[in-house]
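Here the structure is laid out as structure tokens; the discussion comes afterwards.
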Amino acid sequence: MPIGIATTDFNHDSKLDLVISSSGSNNIAVFFGVSHGDFTLSATYSISGTSYPRKIAVADVNKDNQLDLIVVSYLGSNVRVLLLGSSSEGFPAQTIFTDGASPHELDVGNIDNDTCPDIVVANSGSNNM
Ligand SMILES: [Ca+2]
Ligand SMILES: [Ca+2]
Numbered sequence: 001m002p003i004g005i006a007t008t009d010f011n012h013d014s015k016l017d018l019v020i021s022s023s024g025s026n027n028i029a030v031f032f033g034v035s036h037g038d039f040t041l042s043a044t045y046s047i048s049g050t051s052y053p054r055k056i057a058v059a060d061v062n063k064d065n066q067l068d069l070i071v072v073s074y075l076g077s078n079v080r081v082l083l084l085g086s087s088s089e090g091f092p093a094q095t096i097f098t099d100g101a102s103p104h105e106l107d108v109g110n111i112d113n114d115t116c117p118d119i120v121v122a123n124s125g126s127n128n129m
């Protein structure tokens, strides 16, 4: 079941692309925009374990000028970061950060005004952020 969506231009072709998380199949699908509002499936990435991926955000986490994906794993109680462009296979191994119980929402911004993006996660199971 699709549950999270983000839009950006991953491949720098000036056409909007879609990223969709699917909770039932534990994966993320990337669709590149083509023309006239159509999209083509680029790749599907498994989110390991019984993860139930939900909200997705996009940011250049490692500052290599390639956008990366950040997704919350509701059942895994963690946040996964998938780096784009550091491998010919697209998003390589995931970096997993332990989080509170049942993370539900996330957003990315620069909270402390340094040069690195920060991630804020709302944990519905532990009533904290
Ligand atoms: Ca694009
Ligand atoms: Ca990056």
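In the UniProt record's numbering, the protein residues as written are 1 to 129. Each residue gets a CB set at the ideal place from its N, CA and C atoms; glycine is no exception.
Could you tell me the alpha carbon to alpha carbon distance between aspartate 13 and glycine 125, rounded to whole angstroms?
Taking the sequence shown and counting its residues from 1, one reaches residue 13 at position 13. Taking the sequence shown and counting its residues from 1, one reaches residue 125 at position 125. Answer to the nearest angstrom: the Cα atoms are 40 Å apart.
Would you call asparagine 78 buried or exposed, if buried means 16 or more other Cβ atoms sit within 10 Å of its Cβ?
Walking along the sequence shown from the start, residue 78 turns up at place 78. By the 10 Å Cβ count, asparagine 78 comes out buried.
Residues around ligand 1, please: the ones whose beta-carbon is closer than 6 Å to some heavy atom of it, in chain order.
That query returns the following residues: Asp9, Phe10, Asn11, Asp13, Lys15, Asp17, Phe32, Gly33.
Would a C-beta distance cut-off of 8 Å place leucine 75 and serine 51 closer than the cut-off?
Looking up residue 75 in the sequence shown gives position 75. Looking up residue 51 in the sequence shown gives position 51. In this structure, serine 51 lies closer than 8 Å to leucine 75 by Cβ.
Let me know if serine 111 comes out buried or exposed under the rule of 16 or more other beta-carbons within 10 Å of its beta-carbon.
Position 111 of the sequence shown, counted from the first residue, corresponds to residue 111. Serine is not the amino acid found at residue 111; the sequence shown has isoleucine there. Isoleucine 111 is exposed by the Cβ-count criterion.
State buried or exposed for phenylalanine 10, treating a residue as buried only when at least 16 other CB atoms are found within 10 Å of its CB.
Here residue 10 refers to the residue found at position 10 of the sequence shown. Looking at its Cβ environment, which holds 16 or more other Cβ atoms inside 10 Å, phenylalanine 10 is buried.
Hey, how far is the Cα of valine 120 from the Cα of glycine 37?
Along the sequence shown, read from residue 1 onward, the residue named residue 120 stands at position 120. Along the sequence shown, read from residue 1 onward, the residue named residue 37 stands at position 37. About 31 Å.
Note down the Cα distance separating serine 22 from leucine 69, rounded to an integer number of angstroms.
Here residue 22 is taken as the residue at index 22 of the sequence shown, counted from 1. Here residue 69 is taken as the residue at index 69 of the sequence shown, counted from 1. Computed Cα separation, rounded: 14 Å.
Could you tell me which whole beta strand (DSSP E) segments of length 3 or greater appear in the region 41-123?
Listed in chain order, they are 53-59, 68-73, 78-82, 94-98, 103-109, 118-123.
With DSSP run on the structure shown, which of helix, strand or coil describes aspartate 38?
Looking up residue 38 in the sequence shown gives position 38. Aspartate 38 falls in the coil class under three-state DSSP.
Just checking: is the beta-carbon of leucine 41 within a distance shorter than 8 Å of some beta-carbon in chain C?
No chain C appears in this structure, which consists of one protein chain only.
In terms of residue numbering, what span does the beta strand (DSSP E) encompassing asparagine 27 cover?
The residue you call residue 27 lines up with position 27 of the sequence shown. Note, asparagine 27: beta strand (DSSP E), 27-33.
Within 10 Å of its beta-carbon, does isoleucine 20 have 16 or more other beta-carbons around it, so buried, or fewer, so exposed?
By 1-based counting over the sequence shown, the position of residue 20 is 20. Classification for isoleucine 20: buried.
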